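Residue numbers (UniProt numbering): 1 to 255. Glycine residues also receive a C-beta, built at the ideal position from the N, C-alpha and C atoms. In this text the structure is predicted, and so the values were computed from the model without any measurement. Have a look at the structure below before the remarks.
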């Protein structure tokens with residue numbers, strides 16, 4: 001079955017963008033690619049790849065060399081096998097991509113989607129992306145086919161912890177108490193109910209510092225936020241607003 005598709009990243013980064021600056025004057029830090037032989041700064045377009053073997057010999061691989069590899073020229077996503085979904089170890093899951101039908105008629109796309117749903121199976125596929133052969137799981141998410149790249153088996157490290165080799169005795173009472181704790185916190189997982197608190201607080205901190213300027217003391221502001229709410233930062237925005245007003249008042253008095 002040939003199913004033409006377009007591939008799109010299924011995730012996006014919402015982190016507050018930060019860059020490095022010189023602490024003394026705020027000047028932005030820039031990195032340059034410098035050749036250690038001639039000392040010149042090299043444009044990215046003029047950079048090739050190289051491999052150094054065990055005997056110290058360097059083999060330079062040009063862009064044309066790499067593009068000539070048969071696997072690199074192929075743009076096909078090859079289905080290797082169909083496996084029970086529960087056989088895929090979650091440790092192997094990597095980046096997810098959405099697949100969009102790339103034809104005027106999505107019949108083949110819908111047929112594959114419904115086949116996977118009916119069989120309750122996940123397709124294991126193989127393809128080449130960015131100079132690397134990749135393994136991936138092809139599965140259904142709603143009405144869309146999702147391609148999730150997988151780590152190779154040898155990329156997952158073994159967990160060998162000496163402490164776990166000792167015999168540990170757990171009493172029935174301890175298991176009962178632990179089970180009761182689990183029951184207390186049990187519920188249905190709703191991803192939208194969770195937020196990245198660090199990023200949210202970072203955005204508030206940036207806004208507060210813009211308002212107050214260099215006189216703003218972040219350590220004191222967050223300490224006040226904890227004290228005002230009995231040790232819990234409940235209304236961080238309000239606490240920082242108060243701190244900004246204090247900073248303004250201090251600057252006014254100084255002026």
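Buried versus exposed, by CB contacts within 10 Å (16 or more), residue 193: Exposed.
Per DSSP, residue 30 forms a beta bridge with which residues? Paired residue(s): none; residue 30 is not in a bridge.
Return the chain-ordered list of same chain residues with a C-beta closer than 6 Å to the C-beta of residue 60, the five sequence neighbours on each side being excluded. 48 and 50
Under the three-state reduction of DSSP, which class applies to residue 84: helix, strand or coil? strand
Report yes or no: do three or more beta-carbon pairs, one from the segment 35-45 and one from the segment 133-144, lie closer than 8 Å? Result no; under three Cβ-Cβ pairs closer than 8 Å.
Residue environment, residue 203, which counts as buried when at least 16 other CB atoms sit within 10 Å: exposed
Throw me the rounded Cβ distance for the residue 149 and residue 94 pair, which I believe falls under 8 Å. In this structure residue 149 touches residue 94 by the C-beta definition: roughly 4 Å separates them, less than 8 Å.
Starting from residue 113, follow the beta strand (DSSP E) in both directions and report where the run begins and ends. It is not in any beta strand (DSSP E) - residue 113 instead sits in the alpha helix (DSSP H) that spans 107-119.
Simplified DSSP assignment, three categories, for residue 124: strand
When you compare each of 82, 187, 86 and 17 to residue 125 by their alpha carbons, which one comes out closest? 82
Is it true that the segment 159-177 meets the segment 113-120, where meeting means three or more beta-carbon pairs spaced less than 8 Å apart? no
Just tell me which of 139, 131 and 54 has its CA closest to the CA of residue 65. It is 131.
Residue interval of the alpha helix (DSSP H) (run including residue 173): 172-184
Using the Cα positions of residue 15 and residue 197, report the straight-line distance between them to the nearest angstrom. 11 Å
Run the CB neighbour count on residue 111, radius 10 Å, all protein chains shown included, and call it buried at 16 or more, exposed below. exposed
Quick one: does residue 115 have its CB under 8 Å from some CB of chain C? Among the chains in the structure shown there is no chain C, since it carries only a single protein chain.
Which residue wins for smallest C-alpha separation from residue 10, given the options 23, 85 and 96? Residue 96 is the option with its Cα nearest to residue 10.
Just the Cα atoms here: how many angstroms apart are residue 231 and residue 182? Caution applies to residue 231, whose pLDDT of 44 falls short of 50 and renders its modelled position unreliable; the model cannot decide the point.
Is residue 122 buried or exposed, if buried means 16 or more other CB atoms sit within 10 Å of its CB? buried
Assign residue 99 to one of two classes, buried (16 or more other C-beta atoms within 10 Å of its C-beta) or exposed (fewer than that). By the 10 Å Cβ count, residue 99 comes out buried.
Supposed contact pair residue 7 and residue 147 - C-beta distance, whole angstroms, cut 8 Å: 7 Å
Rounded C-beta distance between residue 205 and residue 218? I'm assuming under 8 Å. 6 Å
Taking the DSSP output, what are the residues bridged to residue 14? Answer by DSSP bridge pairing: none, since residue 14 is not bridged.
Which same chain residues end up closer than 6 Å to residue 209 when comparing Cβ atoms and leaving out the 5 residues on each side of it in sequence? 216
Go through its chain and collect everything with a Cβ distance to residue 19's Cβ below 7 Å, but skip five positions before and after it. The residues are 28.
On the DSSP bridge list, what partners appear for residue 9? 97
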